[in-house]
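S.K.: Chains as they are written, first to last, in the working numbering: chain U, 506 to 903; chain S, 975 to 1083.
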Ligand SMILES: Cc1cc2nc3c(=O)[nH]c(=O)nc-3n(C[C@H](O)[C@H](O)[C@H](O)COP(=O)(O)OP(=O)(O)OC[C@H]3O[C@@H](n4cnc5c(N)ncnc54)[C@H](O)[C@@H]3O)c2cc1C
Ligand code: FES
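1. Under 6 angstroms from any heavy atom of ligand 4, does the C-beta of residue 790/U make it?
2. Give the residues from the stretch 564-587 of chain U that approach chain S closer than 9 angstroms (Cβ to any Cβ), ordered along the chain.
3. Residue 680/U to residue 764/U, Cα distance in whole Å?
4. For residue 673/U, is the classification buried or exposed, using 16 other Cβ atoms within 10 angstroms of its Cβ as the cut-off for buried?
5. Kindly indicate which three-state DSSP category residue 541/U falls into: helix, strand or coil?
6. Could you spell out where the beta strand (DSSP E) holding residue 1026/S opens and where it closes?
7. Would the C-beta of residue 550/U count as close to ligand 1, meaning under 6 angstroms from any of its heavy atoms?
8. Using a Cβ-Cβ cut-off of less than 9 angstroms, list which residues of the stretch 787-802 of chain U approach chain B; keep chain order.
9. Assign residue 461/U to one of three DSSP states: helix, strand, or coil.
10. Hey, does residue 1017/S have any beta-carbon neighbour from chain U nearer than 7 angstroms?
11. Can you tell me the Cα-Cα spacing of residue 1040/S and residue 873/U, whole angstroms?
12. Unbroken alpha helix (DSSP H) runs of length 4 or more, entirely within the stretch 549-584 of chain U: which are they?
13. Check residue 708/U in the structure and name its three-state DSSP category.
14. DSSP on residue 614/U, reduced to helix/strand/coil?
15. Just checking: is the beta-carbon of residue 811/U within a distance shorter than 7 angstroms of some beta-carbon in chain S?
16. Can you pull the chain U residues whose beta carbon is under 8 angstroms from the beta carbon of residue 1080/S, in chain order?
17. Residue 1059/S: beta carbon under 6 angstroms from a heavy atom of ligand 2?
18. To the nearest angstrom, how far is it from the Cα of residue 667/U to the Cα of residue 690/U?
19. Indicate whether residue 596/U and residue 604/U have their beta-carbon atoms separated by less than 7 angstroms.
20. For residue 714/U, does the count of other Cβ atoms within 10 angstroms reach 16, so buried, or fall short, so exposed?
21. Using a Cβ-Cβ cut-off of 7 angstroms, state whether residue 896/U counts as contacting chain S.
22. Could you check what DSSP says for residue 765/U in three-state terms: helix, strand or coil?
23. Rounded to whole angstroms, what is the Cα-Cα separation between residue 516/U and residue 546/U?
24. For residue 876/U, which residues in chain S fall below 8 angstroms Cβ to Cβ?
25. Is residue 996/S closer than 7 angstroms to residue 1076/S when the C-beta atoms are compared?
26. Are the CB atoms of residue 1023/S and residue 979/S within a distance shorter than 7 angstroms?
27. May I have the straight-line CA-CA distance separating residue 1009/S from residue 998/S, to the nearest angstrom?
28. Mind the definition here: the stretch 645-657 of chain U touches the stretch 577-594 of chain U only if three or more C-beta pairs lie below 8 angstroms; say whether that holds.
29. Measuring only between beta-carbons, confirm whether residue 1058/S sits less than 7 angstroms from chain U.
30. Measure the alpha-carbon distance for residue 843/U versus residue 784/U and round it to whole angstroms.
31. Which two residues bound the contiguous alpha helix (DSSP H) that contains residue 1061/S?
32. May I have the straight-line CA-CA distance separating residue 1083/S from residue 528/U, to the nearest angstrom?
33. Is it right to say residue 510/U is buried, meaning 16 or more other beta carbons lie within 10 angstroms of its own, or is it exposed?
34. Give me, in chain order, the residues of the same chain whose beta-carbon lies closer than 6 angstroms to that of residue 753/U; leave out the 5 immediate sequence neighbours on both sides.
35. Where residue 556/U and residue 766/U are concerned, what is the direct C-alpha to C-alpha distance, given to the nearest angstrom?
36. Is it right to say residue 884/U is buried, meaning 16 or more other beta carbons lie within 10 angstroms of its own, or is it exposed?
Structure below.
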């Protein structure tokens, strides 16, 4: 039976191992993780743990005894330093190594570090250990500056504001969430945060971080604690050692195969060929889990292309932002107000005027409806929606 | 800490001592109850914690939020009037003796 080695122990890695066992695959499985904590849910780090502290019984991906029960070898606190595709070996940073027949690379993404002086004074948030460290520093701070107005930066800002801190978000672009969300919704999210007391400064670049604040080209912003939320970059260093193709992540085809035989990549690190033929890389729990499920089938003998509908959420204070579908294909967007402000939906249509994505604020019903309809492959035309006054429920009943 | 019984569709069951204040999903996960994944960590986003309640009225679990109800719709035909998402139910002493059936059969969904 072929030994399957999985690098990483995040959402993608653990789901892959679990799905392999669910499919009755009895191959030996080894999971190698640079982190020392038992595999856990990452999202609570920026929503709860930095302000409430990380509990002893933090949210695990699987029960503690799962790995033993399922005969999965879990090596914690071990970093893979290089991969030899021809010799089918991974090498550990601590010395030694391990042979594999199949290698699943699920190393995730890591916070972008800004090339500015003093950036070491602005920790970023990724791991549970980061959450512990930031929690202990945050409790003593009254004023907090967050560099970066992306999802994680805003979640951190909102959590800190709710816990009573005076928070400033510093964004280089003219608007927060610039690359990730319909501008109209980004504008609304900004207003909600500002009404909640968060100060958002846009269009400034950070020049220096000091223990007492941030120097920008627009002036100095004092803060007891500066945090960095400047987005993420895929971890590709290992793939480089294996001479894999790299372009905005580890390049894989629709079967999540790299260009080296028997080496696959899933999760945040994988830049894959989507069903629409476009290259995509997502940083989301859904993407990690669903790619893991597809790959587990392939590894168990049933070649499976990855084709799941993307979805994502971000909880920022009172805001529940949800997205379903691939808005990268959108050529037109229609904004629809809900009954209870700030409830709103952005209907994204592709060139054929078919609904390709729906972005919502505090409108879980619409999120769920669109996700189900789009996953089921239903074609929802702009005209049909307009005829129903963009009442999604009514339009879907027709 | 109330005792809660998780039953599988094949009739097997597991009774766990659930921690007050946690959600049913987290307690199921902690005890390795098969079929409950909690993929979204309890954000009411994934429906991988779908359960059926037995005698919900008796335990004061008769009402359900709109958010939970619509998320359950993702489960399609598996949904019954007793369907709930385990991550939206907080464990309290009143749940002593509650029995739920897990909607999915494997660790996976
Ligand atoms: C603070 C935070 C909040 C988030 N909130 C949300 C949210 O609300 N909703 C959502 O959908 N997504 C959210 N995300 C994104 C989501 O967590 C990721 O998309 C998901 O974790 C990706 O899973 P993964 O398995 O690809 O990688 P990861 O979960 O990042 O796991 C990768 C693992 O591989 C290990 N590793 C890397 N290189 C090596 C090596 N060489 N040797 C050994 N181990 C290695 C890493 O240490 C890590 O443990 C959030 C992310 C963060 C950081
Ligand atoms: S854990 Fe995702 S909906 Fe309950």
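Beta carbons: idealized from backbone N, C-alpha and C, even for Gly. Model, not experiment: these values are computed from the prediction.
M.R.: In terms of the structure at hand:
1. What this structure holds is ligand 1 and ligand 2, not ligand 4.
2. Taking 9 angstroms as the Cβ-Cβ cut-off against chain S, the residues of the stretch 564-587 of chain U that qualify are 564, 565, 566, 567, 568, 569, 570, 571, 574, 575.
3. Numbered from 1 along the first chain, position 175 holds the residue referred to as residue 680/U. Numbered from 1 along the first chain, position 259 holds the residue referred to as residue 764/U. One Cα belongs to residue 680/U, the other to residue 764/U, and the distance between them is close to 38 angstroms.
4. Along the first chain, read from residue 1 onward, the residue named residue 673/U stands at position 168. Buried, because 16 or more other Cβ atoms sit within 10 Å of the Cβ of residue 673/U.
5. Taking the first residue of the first chain as position 1, residue 541/U is located at position 36. If DSSP states are grouped into helix, strand and coil, residue 541/U belongs with coil.
6. One-based indexing of the second chain puts residue 1026/S at position 52. Note, residue 1026/S: beta strand (DSSP E), 1024-1027.
7. The residue given as residue 550/U occupies position 45 in the first chain. Proximity of the beta carbon of residue 550/U to ligand 1 is indicated: a heavy atom of the ligand is located closer than 6 angstroms.
8. The structure shown contains no chain B; its protein chains are U and S.
9. As shown, chain U starts at 506 and ends at 903. That puts residue 461/U outside it, with no answer to give.
10. Counting from 1 along the second chain, the entry for residue 1017/S is found at position 43. Judged by the 7 angstroms Cβ criterion, residue 1017/S is in contact with chain U.
11. If you number the second chain from 1, residue 1040/S lands on position 66. If you number the first chain from 1, residue 873/U lands on position 368. Cα-Cα distance, rounded: 11 angstroms.
12. Listed in chain order, the complete alpha helix (DSSP H) runs (minimum 4 residues) inside the stretch 549-584 of chain U are 571-574.
13. The count along the first chain starts at 1 and reaches residue 708/U at position 203. Residue 708/U: coil per DSSP, three-state reduction.
14. Residue numbering aside, residue 614/U sits at position 109 when the first chain is read from its first letter. In the three-state reduction of the DSSP assignment, residue 614/U falls in the strand class, which pools E and B.
15. Within the first chain, numbered from 1, the residue matching residue 811/U stands at position 306. Not a single CB atom of chain S sits nearer than 7 angstroms to the CB of residue 811/U.
16. Position 106 of the second chain holds residue 1080/S. Result: 527.
17. Position 85 of the second chain holds residue 1059/S. It does: the Cβ of residue 1059/S is within 6 angstroms (strictly closer) of some heavy atom of ligand 2.
18. Taking the first chain and counting its residues from 1, the one referred to as residue 667/U is at position 162. Taking the first chain and counting its residues from 1, the one referred to as residue 690/U is at position 185. A straight-line Cα-Cα distance of about 21 angstroms links residue 667/U and residue 690/U.
19. Against the first chain, residue 596/U aligns to sequence position 91. Against the first chain, residue 604/U aligns to sequence position 99. No, they are not a contact pair.
20. To locate residue 714/U, count along the first chain from 1; it is residue 209. Result: buried.
21. Residue mapping note: residue 896/U aligns to position 391 of the first chain, counting from 1. Taking Cβ atoms only, chain S never reaches closer than 7 angstroms to residue 896/U, which makes this a no.
22. If you number the first chain from 1, residue 765/U lands on position 260. Looking at residue 765/U - three-state DSSP - the assignment turns out to be coil, as it is neither helix nor strand.
23. Translated into positions along the first chain, residue 516/U becomes position 11. Translated into positions along the first chain, residue 546/U becomes position 41. Roughly 7 angstroms between the two C-alpha positions.
24. Taking the first residue of the first chain as 1, we reach residue 876/U at position 371. Contacts between residue 876/U and chain S, judged by CB atoms closer than 8 angstroms, involve 1048 in chain order.
25. Here residue 1076/S corresponds to residue number 102 of the second chain, with the count starting at 1. Here residue 996/S corresponds to residue number 22 of the second chain, with the count starting at 1. No Cβ-Cβ contact shorter than 7 angstroms links residue 1076/S with residue 996/S.
26. Looking up residue 979/S in the second chain gives position 5. Looking up residue 1023/S in the second chain gives position 49. Contact: no.
27. Taking the second chain and counting its residues from 1, the one referred to as residue 1009/S is at position 35. Taking the second chain and counting its residues from 1, the one referred to as residue 998/S is at position 24. Going from the Cα of residue 1009/S to the Cα of residue 998/S covers about 13 angstroms.
28. Using a Cβ-Cβ distance cut-off of 8 angstroms, the stretch 645-657 of chain U and the stretch 577-594 of chain U are not in contact, since fewer than three pairs of beta carbons, one from each stretch, lie closer than that value.
29. Here residue 1058/S is taken as the residue at index 84 of the second chain, counted from 1. With respect to chain U, the C-beta atom of residue 1058/S has no partner C-beta closer than 7 angstroms.
30. Within the first chain, residue 843/U is the residue found at index 338, counting from 1. Within the first chain, residue 784/U is the residue found at index 279, counting from 1. Approximately 33 angstroms, taken between the alpha carbons.
31. Here residue 1061/S refers to the residue found at position 87 when the second chain is read from its first residue. Here residue 1061/S belongs to no alpha helix (DSSP H), and DSSP marks it neither H nor E.
32. Mapped onto the second chain, residue 1083/S falls at position 109. Mapped onto the first chain, residue 528/U falls at position 23. Since pLDDT at residue 1083/S reaches only 45, below the 50 mark, its modelled position is unreliable, and the value read off the structure follows with that caveat. For the pair residue 1083/S and residue 528/U, the Cα-to-Cα distance works out to about 11 angstroms.
33. Position 5 of the first chain holds residue 510/U. In this structure residue 510/U is buried. Its beta-carbon is surrounded by 16 or more other beta-carbon atoms within 10 angstroms.
34. Stepping through the first chain from its first residue, residue 753/U is reached at position 248. Answer for residue 753/U: 776, 786, listed in chain order.
35. For this step, residue 556/U is matched to residue 51 along the first chain. For this step, residue 766/U is matched to residue 261 along the first chain. Cα-Cα distance, rounded: 45 angstroms.
36. By 1-based counting over the first chain, the position of residue 884/U is 379. With fewer than 16 other Cβ atoms within 10 Å, it is exposed.
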